[in-house]
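Numbering (mature numbering (1 follows the signal peptide of the UniProt record, and there is no 0)), first residue to last: -23 to -1, 1 to 123.
As structure tokens, then:
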């Protein structure tokens, strides 16, 4: 694994809420699930460049477009051919300061249980940050185990 891939995954997943994060109520979970499905469709269609164009500003400052696109494509290649996606969870997290290296704000992770055409199940996490323009993507991480 190349050195930048772990950094990319760590920055983007927002999977763990640090000591400066609190669970928060926010916008509709349905809105987040739809944003997640829309982002996954773009990733499936090899349109990660379009995702980067509308991604959270802090993601753009940390990852040049070409690196973001290459990492997203490489991550997606590990998934396989999708037969069906079902959302498994929606988690909202408020980071109160940037001590974790993540800008303060409201974030959300949408986790999907993805059934592949070979009957295998994988999990895909799509992360967002709430910005004035709405939910903006911060990361995509597929994995074999929940």
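Heads up, the beta-carbon is just placed ideally off N, CA and C, and yes, glycines get one too.
Check	Outcome
Rounded separation between residue 53 and residue 73 - CA only	31 Å
C-alpha gap between residue 75 and residue 98, whole angstroms	35 Å
Residue 60, DSSP secondary structure in three states	strand
Beta-carbon separation (whole angstroms), residue 36 vs residue 91, contact threshold 8 Å	That belief does not hold up - the Cβ atoms of residue 36 and residue 91 are roughly 23 Å apart, past 8 Å.
C-beta contact flag for residue 59 and residue 9 at 7 Å	no
Reduced DSSP category for residue 16 - H, G, I as helix; E, B as strand; rest coil	helix
Whether residue 26 touches residue 46 by CB criterion (7 Å)	yes
Proximal residues to residue 44 (C-beta, below 6 Å), its chain only, five neighbours per side dropped	none
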